[in-house]
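Below is one structure; the comments refer to it alone.
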Amino acid sequence: MQTLLLIPTRMDMKQIFGNEYPDTFPWENVVVANCGLGQLLAGIQTTRMLMLDQFDRCIVAGLAGTYDPEQVKVGQAVICRGFHQYGFGFTEDGQIRSYSQTVIKQLVDAEDYIPATWVPDVPGIKLVDSLSVMSASGDLEEASSRHDWFNDMLIEEMEGYSAALACSMLNIPFASVRGVCNIAGDRNHAHWEFEKMGYAVRTILNKVLG
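Read in our numbering, the sequence shown has 187 at position 187, and its numbers run on one by one without any break.
Written as structure tokens, this is what we have:
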């Protein structure tokens with residue numbers, strides 16, 4: 001079985017594998033590549049990579065912020081059950097028109113929430129729904145507002161929805177593992193738990209891909 005493992009950035013790569021440019025990985029039949037930061041690059045690169053080779057499944061692994069540190073602690077890693085996009089669309093007469101209410105329905109069969117089509121069974125690992133955003137929360141107040149609007153979403157990240165959409169269009173099973181490095185909206189890197197979350201993500205990947 002051929003697996004495509006996508007890591008958003010070189011920083012994610014360093015935290016998970018200890019090196020921005022690792023030349024070897026501990027699994028067979030796994031192609032590892034960067035997909036880029038954010039929905040735009042992730043969607044384009046996921047589609048591009050999947051069309052370059054015959055992959056049986058795809059997984060994105062990277063950083064995330066938690067909306068509720070009591071339910072999802074900083075430093076732990078989680079597996080995503082699904083992805084609700086936030087940031088596609090526009091405001092009209094005080095109402096938010098979502099992506100699925102506008103152009104997306106003319107192109108593909110997709111909603112604002114896309115479930116993961118591959119949810120690895122790893123004992124003891126929490127499954128969460130993710131708010132997949134166009135830009136990270138700039139402060140704690142913004143993060144709190146987002147969580148109020150989407151209170152079933154426990155983390156935020158910036159690539160899951162578009163990568164899931166790309167995989168859905170190409171009928172490729174899709175999963176995502178996220179390491180929680182901070183409380184969403186806390187932009188002070190001194191508070192971020194890079195080492196813990198990197199180890200936690202790597203542990204899950206070893207169980208899923210090993």
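In this text, a Cβ means the ideal position worked out from N, Cα and C, and glycines have one as well.
Pairwise C-alpha distance: residue j and residue i
i: M11; j: D56; result: 27 Å
i: G160; j: V201; result: 15 Å
i: P69; j: Q76; result: 10 Å
i: H147; j: C58; result: 28 Å
i: K73; j: R178; result: 12 Å
i: I44; j: K126; result: 29 Å
Residue i and residue j closer than 8 Å at C-beta
i: L37; j: M197; result: no
i: G87; j: V133; result: yes
i: P22; j: M13; result: yes
i: E156; j: A175; result: no
i: A64; j: L205; result: no
i: A163; j: C35; result: yes
i: L50; j: I183; result: no
i: N29; j: T3; result: yes
Which residues DSSP lists as bridging residue i, in chain order
i: T66; result: I155, I183
i: P115; result: G82
Alpha helix (DSSP H) segment containing residue i, residue limits
i: Y21; result: Taken as a continuous stretch (DSSP letters only), Y21 belongs to no alpha helix (DSSP H), as it is neither H nor E.
i: C80; result: Here C80 belongs to no alpha helix (DSSP H); instead the beta strand (DSSP E) covers 77-86.
i: T47; result: 39-52
Cβ of residue i within 8 Å of any chain B Cβ
i: A190; result: In the structure shown, chain B cannot be found, because there is only a single protein chain.
Local Cβ density within 10 Å of residue i, reported as buried at 16 or more and exposed below that
i: W149; result: exposed
i: M1; result: exposed
Continuous beta strand (DSSP E) stretch holding residue i: start and end
i: A33; result: 30-34
i: T203; result: Per DSSP, T203 belongs to no beta strand (DSSP E); it is in the alpha helix (DSSP H), 194-209.
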